[in-house]
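Have a look at the structure below, then the notes.
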Amino acid sequence: MIATRQPDLQPLALAIAAYRRSWAERDDLLRLGVVPFIPLYFLFRVLEGVQNRMFIEMQMGANADPNLMFEAILQMTTIGLGLIVVIGFFSVNWIRQMTLGRAAAPGLGLNIGQRHFLFALVMLALVIAAFGASLVVSVVFSLLGLTQLALLISMLVMVIGYLTLLTRLSPSWIGIALDAPMPLKTAWRRTAGQGGRLVGALMLTALPAFAAQSMLVALFQGLGLLEAAPLAFSVLSSFISLAYMAVQLNLFVLAYPRFVSEIV
Numbered sequence: 000m001i002a003t004r005q006p007d008l009q010p011l012a013l014a015i016a017a018y019r020r021s022w023a024e025r026d027d028l029l030r031l032g033v034v035p036f037i038p039l040y041f042l043f044r045v046l047e048g049v050q051n052r053m054f055i056e057m058q059m060g061a062n063a064d065p066n067l068m069f070e071a072i073l074q075m076t077t078i079g080l081g082l083i084v085v086i087g088f089f090s091v092n093w094i095r096q097m098t099l100g101r102a103a104a105p106g107l108g109l110n111i112g113q114r115h116f117l118f119a120l121v122m123l124a125l126v127i128a129a130f131g132a133s134l135v136v137s138v139v140f141s142l143l144g145l146t147q148l149a150l151l152i153s154m155l156v157m158v159i160g161y162l163t164l165l166t167r168l169s170p171s172w173i174g175i176a177l178d179a180p181m182p183l184k185t186a187w188r189r190t191a192g193q194g195g196r197l198v199g200a201l202m203l204t205a206l207p208a209f210a211a212q213s214m215l216v217a218l219f220q221g222l223g224l225l226e227a228a229p230l231a232f233s234v235l236s237s238f239i240s241l242a243y244m245a246v247q248l249n250l251f252v253l254a255y256p257r258f259v260s261e262i263v
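Quick note on numbering that gives the first Met the number 0: the sequence shown kicks off at 0 and runs consecutively.
The following block contains the structure:
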């Protein structure tokens with residue numbers, strides 16, 4: 000039998016379907032999100048405080064305290080690791096819920112196993128790989144005397160690199176959540192030509208989430224609640240972030256069958 004390729008992914012249709020699926024499964028989103036929401040909320044709050052302190056030190060320029068800067072970087076790294084672990088646990092439960100049903104992620108999703116830790120390690124590896132590439136680019140540009148461009152280009156490389164790895168290797172990390180891991184080489188080959196479409200779909204899903212966050216900020220600013228009720232704002236903002244995370248995962252779940260089909 001002659002092998003044929005399935006139709007290419009359509010970013011807009013995929014983004015709309017991801018939101019529709021999340022809305023249809025909103026009860027399970029609340030069920031599986033309630034436990035990880037608590038540490039995510041506090042981690043985001045602590046991260047915001049550390050970033051503010053670091054920004055103040057950076058504004059001081061040569062007068063900045065290097066010990067405080069090092070401490071802030073260490074704290075941000077620790078918080079980042081915590082976020083990856085919590086997000087990894089939620090992601091595995093949500094992927095299993097979307098693909099295998101409620102029995103695969105029962106209760107509040109506290110049935111944690113090896114797949115959760117492996118998933119978190121893979122996500123950490125993607126971040127490290129993207130950061131490593133951006134660091135190399137930054138050093139190269141600095142050696143070439145282009146220090147002013149080094150930070151901008153390195154940040155672009157890190158974002159693009161991470162999105163490329165995330166999308167092109169998506170069959171592998173989704174497979175980990177389903178106890179059916181796909182070799183990285185196979186995942187990279189099967190997603191060839193579709194990475195840009197997945198990134199485009201991700202960008203489209205970001206628009207409603209960005210609009211919701213912007214409306215929340217405008218509402219709280221208009222009512223004078225940003226300073227009067229900062230905790231309420233943080234709770235709602237964190238909830239939007241968690242809901243958007245579920246939408247992103249749905250996008251990859253919806254695309255997943257295209258990459259595991261035998262005719263790809």
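Using N, Cα and C, we set each Cβ at its ideal position, and we do this for glycine too. All of these numbers come straight from a predicted model, not from anything done at the bench.
Rank the options by C-alpha distance to the C-alpha of residue i and give the top, closest one.
| i | options | result |
| --- | --- | --- |
| L218 | D178, S236, L203 | S236 |
| I127 | L162, P105, P170 | L162 |
| W187 | T76, L143, T166 | T166 |
| P38 | A191, A200, S233 | S233 |
| M75 | M59, R44, Q96, Q58 | R44 |
| N66 | V138, R52, T77 | R52 |
| D26 | Q96, A210, L224, L215 | Q96 |
| A231 | L183, A210, L215 | L215 |
| P180 | L117, S141, L241, Q58 | L117 |
| L197 | F36, F41, G112, A254 | A254 |
Starting from residue i, trace the alpha helix (DSSP H) both ways and give me its first and last residue.
| i | result |
| --- | --- |
| A104 | Careful: A104 lies outside any alpha helix (DSSP H) and carries neither H nor E. |
| P170 | 169-176 |
| E226 | 224-227 |
| M122 | 113-142 |
| P207 | 194-221 |
| A14 | 10-23 |
Keeping to the same chain, check which residues put their C-beta closer than 8 Å to that of residue i; ignore five residues upstream and five downstream.
| i | result |
| --- | --- |
| F130 | M157 |
| I1 | Confidence is the limiting factor: at I1 the pLDDT is only 41, short of 50, which leaves the residue's position unreliable, though a coordinate-based value still follows. Cβ within range, chain order: n/a, list empty. |
| A102 | none |
| G100 | none |
| L248 | S90, W93, I94, M97 |
If you drop the 5 nearest sequence neighbours on each side, which residues of the same chain put their C-beta closer than 6 Å to that of residue i?
| i | result |
| --- | --- |
| Q193 | L8 |
| V34 | L107 |
| M122 | I83, G87 |
| Y243 | A208 |
Between residue i and residue j, what straight-line distance do the alpha-carbon atoms span, to the nearest angstrom?
| i | j | result |
| --- | --- | --- |
| E261 | E24 | For E261, the pLDDT reaches just 49, beneath the cut-off of 50, and the residue's location in the model is therefore unreliable, although a value from the coordinates is still provided. Near 29 Å, if we compare the C-alpha coordinates of E24 and E261. |
| M154 | G160 | 10 Å |
| G195 | I152 | 20 Å |
| L80 | A119 | 9 Å |
| A208 | Q50 | 22 Å |
| T185 | L168 | 9 Å |
| F89 | L46 | 19 Å |
| I78 | A71 | 10 Å |
| L11 | L148 | 33 Å |
| V139 | I55 | 28 Å |
| A211 | L143 | 42 Å |
| M59 | F69 | 15 Å |
| E226 | Q220 | 9 Å |
| F36 | A191 | 35 Å |
With a cut-off of 8 Å on the beta carbons, I'd call residue i and residue j a contact; round off their distance for me.
| i | j | result |
| --- | --- | --- |
| Y18 | V246 | 6 Å |
| L31 | S21 | Going by Cβ atoms, the distance from L31 to S21 rounds to 12 Å, so no, they are not a contact pair. |
| I173 | I239 | That belief does not hold up - the Cβ atoms of I173 and I239 are roughly 24 Å apart, past 8 Å. |
| V137 | L145 | The question names Val, but residue 137 is Ser in the sequence shown. No, S137 and L145 are not in contact; Cβ-Cβ is about 10 Å, not under 8 Å. |
Excluding the 5 residues preceding and the 5 following residue i in the sequence, name in chain order all residues of the same chain whose CB lies nearer than 7 Å to its CB.
| i | result |
| --- | --- |
| L250 | L13, A14, A17, A200, L201, T204 |
| L164 | L125, A128, A129 |
| N92 | L31, A104, G108 |
| L183 | L168, S171 |
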